[in-house]
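Colleague:
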Amino acid sequence: MKKYTKRCGYKVILTNAKEKDGIEDLKKELKGKISAFSGNSGVGKSTIINALFNEEITKEGEISAKNKKGKNTTTDIKMYELEENTYIADTPGFSSFEITEIESSDLDKYFIDFKENIKNCEFVGCSHLKEEKCGIKKATKNGEIEQERYERFCKIYNELKEKEARRW
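In structure tokens form, the structure reads like this:
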């Protein structure tokens, strides 16, 4: 299993908590910090915490057979001390995520992996969707930006544009 990737601009530690893959690397990264685990219900936050401690200290939830989504098992924030000066907060999962304070025209600034390629866009204010000479689209085509990441940007951008249109 590939352990690290920086293609999205952030350090990512791939883990498989059930198999304990990547857990020691994650533990090293957490050392001396206060960290919070957050994300959708059922993605494995509690399972990773249990793997870090190598025992069941927090209850792991189940995935609903009906809708294939996680059930909220963690109902409040709990702080665990992994070792001296190393703390982990387990947070309740959420079922949806909404961005309301970002304007669509500023969204590209939040994609750290876009930063170097924005300067290659022909137009200032490029939306990175329809323009022909777009540095982001070119970087995606060349494999410098992951296709999935670009598609996620497009989806969020369009959602923000729809909200902005409804506001006016």
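My numbering numbers the first residue of the sequence shown as 369 and each following residue consecutively. No residue lacks a Cβ here, since even glycine has one placed at the ideal position from N, Cα and C.
DSSP puts SER473 in a beta bridge; with which residues?
Modeller: Paired residue(s): none; SER473 is not in a bridge.
Colleague: When you compare each of ASN485, CYS494 and TYR478 to ARG328 by their alpha carbons, which one comes out closest?
Modeller: With the chain covering only 369 through 536, there is no way to say anything about residue 328.
Colleague: In whole angstroms, what separates the C-alpha of GLU451 from that of LYS395?
Modeller: 10 Å
Colleague: Just to confirm the assignment, what range does the alpha helix (DSSP H) spanning ILE456 have?
Modeller: Note, ILE456: premise wrong, no alpha helix (DSSP H); beta strand (DSSP E) at 454 to 458.
Colleague: From which residue to which residue does the alpha helix (DSSP H) around ALA419 run?
Modeller: 413 to 421
Colleague: At which residues does the alpha helix (DSSP H) containing LEU528 begin and terminate?
Modeller: Looking at the DSSP string, the run of the alpha helix (DSSP H) that includes LEU528 is 515 to 535.
Colleague: Check whether the stretch 503 to 512 and the stretch 485 to 492 touch, using three or more Cβ-Cβ pairs below 8 Å as the test.
Modeller: yes
Colleague: Take THR468 as the anchor and find which of MET447, ARG534, GLY493 and CYS494 has the nearest alpha-carbon.
Modeller: ARG534
Colleague: Keeping to the same chain, check which residues put their C-beta closer than 7 Å to that of LYS388; ignore five residues upstream and five downstream.
Modeller: Once the five neighbours on either side are set aside, the close Cβ partners of LYS388 are ALA419.
Colleague: Starting from GLU449, trace the beta strand (DSSP E) both ways and give me its first and last residue.
Modeller: 446 to 451
Colleague: If you compare alpha carbons, which of SER406, GLY400, ILE417 and GLY410 is closest to ILE391?
Modeller: ILE417
Colleague: Which of helix, strand or coil does DSSP assign to ALA385?
Modeller: coil
Colleague: With DSSP collapsed to three states, give me the class of LYS434.
Modeller: Low confidence applies here, because LYS434 scores a pLDDT of 49, under 50, leaving its location unreliable; read the following figure in that light. LYS434: coil per DSSP, three-state reduction.
Colleague: Does the beta carbon of SER414 sit closer than 8 Å to a beta carbon anywhere in chain B?
Modeller: In summary, chain B is missing from the structure at hand, where a single protein chain is found.
Colleague: Could you please give the first and the last residue of the uninterrupted alpha helix (DSSP H) stretch that includes ILE504?
Modeller: 503 to 509 is the span of the alpha helix (DSSP H), which, as asked, contains ILE504.
Colleague: I need the boundaries of the alpha helix (DSSP H) containing ILE467, first residue and last residue.
Modeller: Run containing ILE467: none; DSSP gives neither H nor E here.
Colleague: Between which two residues does the beta strand (DSSP E) harbouring ILE402 extend?
Modeller: For ILE402, the uninterrupted beta strand (DSSP E) run begins and ends at 402 to 405, by DSSP.
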